[in-house]
Amino acid sequence: GMFFQSFSTLYRYDNGKVEVITPPGNVMFIREVGERILVPVIHKGVYEYLPDGRFILLPGSEMLAGKQVATILPLERGGLLVATQDDGLYRYADGVLELWPAAVNQELASAQVNKGIRLSNGNMAIGTILDGIYIISPNGMLLSHINQENGLQNNTVLALYEDQAHNLWAALDKGIDLIVMDASLSFFSDKKGALGSVFAAALYEERLYIGTNHGVFFKSWPSKQRDHFQLVSGSQGQAWELKVLDGLLFCAHNSGVFLVGENAVTELYDATGVFHILELPNREGYLLLATYTGLAVLRRDEQGAWAYAHTVKGFSASAKDAFFDPKGRLWVAHPHRGVYCLRLNDDLTEVSQIPIPEPEGFQPLEKISASITHWDGKAYIWGGGGKLAFHTRTEQITVVPEREAFPGYRGKEKWIPGLHGALFKAFPHHAEFIDDGRHALLQVSLIPKDERIVSLNDSLYLIGTEDGYGIFNARRAVDKNELNLPEPILSAIEVKGRALEINAVNALAKPLTLQPDEGGLRFLFAMPFYIQNVNLRYRLQGFEEGWSDFSLEHTKEYTNLPPGQYVFQVQSELSTQLKPFSFEVAPYWYQAAWIKLLALGFFILLGRLLFRFHENRMDRQRRRLEVQKQRALQRQRVYSKNERLRAEVDSISRKVADSTMELVRKNEMLIMLKKELKLLQKKKGPENSTHHLQKMIRQIDSHLSSEEDWNVFEANFNQLHDQFFKRLKAEFPVLTPGDLRLAAYLKMNLASKEIAPLLNISLRGVENKRYRLRRKMQLESDDNLTEFLMQF
8 GMFFQSFSTL
18 YRYDNGKVEV
28 ITPPGNVMFI
38 REVGERILVP
48 VIHKGVYEYL
58 PDGRFILLPG
68 SEMLAGKQVA
78 TILPLERGGL
88 LVATQDDGLY
98 RYADGVLELW
108 PAAVNQELAS
118 AQVNKGIRLS
128 NGNMAIGTIL
138 DGIYIISPNG
148 MLLSHINQEN
158 GLQNNTVLAL
168 YEDQAHNLWA
178 ALDKGIDLIV
188 MDASLSFFSD
198 KKGALGSVFA
208 AALYEERLYI
218 GTNHGVFFKS
228 WPSKQRDHFQ
238 LVSGSQGQAW
248 ELKVLDGLLF
258 CAHNSGVFLV
268 GENAVTELYD
278 ATGVFHILEL
288 PNREGYLLLA
298 TYTGLAVLRR
308 DEQGAWAYAH
318 TVKGFSASAK
328 DAFFDPKGRL
338 WVAHPHRGVY
348 CLRLNDDLTE
358 VSQIPIPEPE
368 GFQPLEKISA
378 SITHWDGKAY
388 IWGGGGKLAF
398 HTRTEQITVV
408 PEREAFPGYR
418 GKEKWIPGLH
428 GALFKAFPHH
438 AEFIDDGRHA
448 LLQVSLIPKD
458 ERIVSLNDSL
468 YLIGTEDGYG
478 IFNARRAVDK
488 NELNLPEPIL
498 SAIEVKGRAL
508 EINAVNALAK
518 PLTLQPDEGG
528 LRFLFAMPFY
538 IQNVNLRYRL
548 QGFEEGWSDF
558 SLEHTKEYTN
568 LPPGQYVFQV
578 QSELSTQLKP
588 FSFEVAPYWY
598 QAAWIKLLAL
608 GFFILLGRLL
618 FRFHENRMDR
628 QRRRLEVQKQ
638 RALQRQRVYS
648 KNERLRAEVD
658 SISRKVADST
668 MELVRKNEML
678 IMLKKELKLL
688 QKKKGPENST
698 HHLQKMIRQI
708 DSHLSSEEDW
718 NVFEANFNQL
728 HDQFFKRLKA
738 EFPVLTPGDL
748 RLAAYLKMNL
758 ASKEIAPLLN
768 ISLRGVENKR
778 YRLRRKMQLE
788 SDDNLTEFLM
798 QF
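All the letters of the sequence shown, read from the start, carry residue numbers 8 to 799 under the working numbering.
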């Protein structure tokens, strides 16, 4: 069951029922120790609550009456460790309670014990009110004391918890702290600011020396729990580098170079500040100094004493970064004047500059603000908005592409070489250790723009921070398989506001299938990286292919997702690893397989019907097109016939017109001849001449009244005007042949003066004939005879 308590009553909840239990007196806190329920009763001692509901007093615990019990922890062989708030620790075994004979006991009594837990490794973590956390072994040895001075936010510990990774969580009066137990990376924090920011370190004669912006400090190594750093006398100021060379400890300092002794310094060079002390390749007994104003040389004399030799000519700029490459070339980076590649002459008195090839599109190297380092046979240059790699073997320079390991930090890392081909990559708020293709993410913030990681021995590295340092044990990281980058986790999945149970491997007990009407799906995700806030991004494959922007928003909700298969992915800015979660949105009922088969059959049938309908329609359309084609052909034939008839009509019209005009000309000629002959006849002459003239006049008259010409004209005229004479005769039977002839000439729209010769009469005679024709056709006075005949 589950127990709840007040000061005077216990409550047991089991199988949906609550049992009220009255203890022997007032209690502060009940304790579960193994399978036992222990109840410290104020002013009486410690009782055990038995399964049958009875309370029994532990023999000998009466000594605790009047003492406030803070916690009870199990010891070996069934013993108990009872921690009191003001009186320290007691050991209870075999009915005997005695003060625990541990050296740390009196210190715990002064610190006021408040909480305690037994760790998975058998040690005990004791939280106090006044002085943080004590880690104690089962035999009472103090293993570690963690308080505000070395890292805790506050000294008042309210609760302790050990997680599955065996890390210790502490709930404090101000915040929550995580203590990584037995980690490959441990920290020393200088909360008081006495040390300052750490830039250099070295192990020398069983001491750890560190160089800071306040000077050089030391303490014994391996460090004891209560050891404190001491300042080396005379080392005050900015220390840039500590190196053990020739069995001595050298320090590059703001004031020059000196040897560090047990608690004093020996000055070797004081002309200017020195950044680095470099061993010269193949030149034993000489050291090169990279100074604030150029280069200088130290030389060891025959007695083994080191001293300043001379200043190197040819380079007088600040040498903030400097190293020798495998071919003996000296690389130097000035903070603001770019990068130089130099070569020393044989007597080490002067350097000459070696041109550095520049890739296309990159800023000139002598004009950029740059930093340099070397690793894996290459000189690396940062600056000008990019990173270059100079291959010392081929003497070629290339642009290093943006890395992919940490998507949110492209181009922001600085490389620091480690031992045996290892490499550190320093970022604004963390570092990455790479060894033989394996990666470890170090949760440490280095000094901005002056990142320092120093090897202490084959396995230990010291990482400088602004308020202390970290110690990284690379061998332990390899042995414990810690060389793995963290990945995001799904902390919760909610469907319709209902949280789904996620197991230890961050997955559901069974695959998630949502019904299409189940509404929203909400993801809560996080990053197990505690030193800083980590930006995350996400995407839902199957719904959106693009990633969201990196942000500190660690929730995402989706609504109204269509049926289908989906994969929700989360990625941090620290790693390319993805956290996928697959789920399915079930189809609607009408999307079931049998519905799809039924629909398929329906659509097949519908398709056949539509195909049949289409075929029938095409048949009708083909028949309609055939009819239209026949009609078009018929119309073409009619059109062709009409065109032929029109051509014939035009031909006949021309013939009628031609014959009419011919008659006009002929009659005019004959009339004129007739007039001339009559004039000749009136003249006197032989009688036979008169006889001949009369004969000629009769012949002319016969031609003027030739019926043959009229018949030809009438035939052509009827062909042109569709039996005009027959229709006119049928309509007006009283018309004479002369009337018909006049009507034909009027239909042709001939004038009276053109008609007179054709009828062999005068113009006056034509008008008279027109008048008589109007009367026979019974036309009104205002009717136009010519228009009537043209329209008839």
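Glycine residues also receive a C-beta, built at the ideal position from the N, C-alpha and C atoms.
Cβ-based burial, residue i [other Cβ within 10 Å; buried from 16]
i	result
HIS427	exposed
LEU780	buried
ALA201	exposed
LEU4	Outside the displayed range of the chain (8 to 799) lies residue 4, so it cannot be described from this structure.
TYR545	buried
ALA190	buried
GLY95	buried
TYR646	exposed
HIS260	buried
GLN730	exposed
LEU753	buried
HIS621	exposed
SER498	exposed
SER262	buried
Residue range of the beta strand (DSSP E) that includes residue i
i	result
ARG307	301-307
LEU159	LEU159 -> no beta strand (DSSP E), and no H or E assigned at all.
ALA447	445-449
GLU367	Neither: GLU367 is in no beta strand (DSSP E) and is coded neither H nor E.
GLN548	543-548
PHE530	528-533
Enclosing alpha helix (DSSP H) for residue i [first to last residue]
i	result
ILE762	759-766
GLY825	Coverage of the chain is limited to positions 8 through 799, which leaves residue 825 absent and any answer about it impossible.
GLN576	Where GLN576 is concerned, there is no enclosing alpha helix (DSSP H), although the beta strand (DSSP E) it sits in stretches over 571-579.
SER117	112-118
ARG482	481-486
GLN92	Note, GLN92: premise wrong, no alpha helix (DSSP H); not H, not E.
PHE795	792-798
Under 8 Å between C-beta atoms of residue i and residue j
i	j	result
ALA326	VAL339	yes
GLU248	HIS221	no
PHE530	LYS503	no
ILE470	LEU448	no
VAL89	GLY67	no
GLY182	ASN162	no
LEU528	LEU568	yes
VAL27	TYR20	no
LYS250	ALA316	no
LEU252	GLU286	yes
LYS421	TRP382	no
ALA429	GLU458	no
Inter-residue spacing [alpha-carbon to alpha-carbon] between residue i and residue j
i	j	result
ASN695	LYS682	The pLDDT assigned to ASN695 is 49, lower than 50, so where the model puts this residue is not dependable; a value taken from the coordinates is nonetheless given after this. Each residue's alpha carbon lies about 19 Å from the other.
VAL757	ARG782	Looking at the sequence provided, one finds Leu at residue 757 rather than Val. Distance between the alpha carbons of LEU757 and ARG782: 20 Å.
GLY301	ALA438	31 Å
VAL264	THR219	15 Å
ALA412	ASN157	Residue placement at ALA412 is flagged as unreliable, the pLDDT there being 46, under the threshold of 50; the coordinate-derived value follows with that caveat. Rounded to the nearest angstrom, the two C-alpha atoms are 33 Å apart.
ILE423	PHE331	15 Å
VAL223	SER462	17 Å
ASN146	THR135	20 Å
LEU604	GLU501	35 Å
TYR387	LEU395	6 Å
GLU580	VAL541	7 Å
Residue i, DSSP secondary structure in three states
i	result
LYS250	strand
GLN785	coil
ILE136	coil
TRP313	strand
SER68	helix
ILE602	helix
PHE731	helix
ARG583	Before going further, note that residue 583 is Thr rather than Arg in the sequence given. Residue state, collapsed to three classes: coil.
ASP277	coil
ALA297	strand
MET9	strand
ARG290	coil
GLN643	helix
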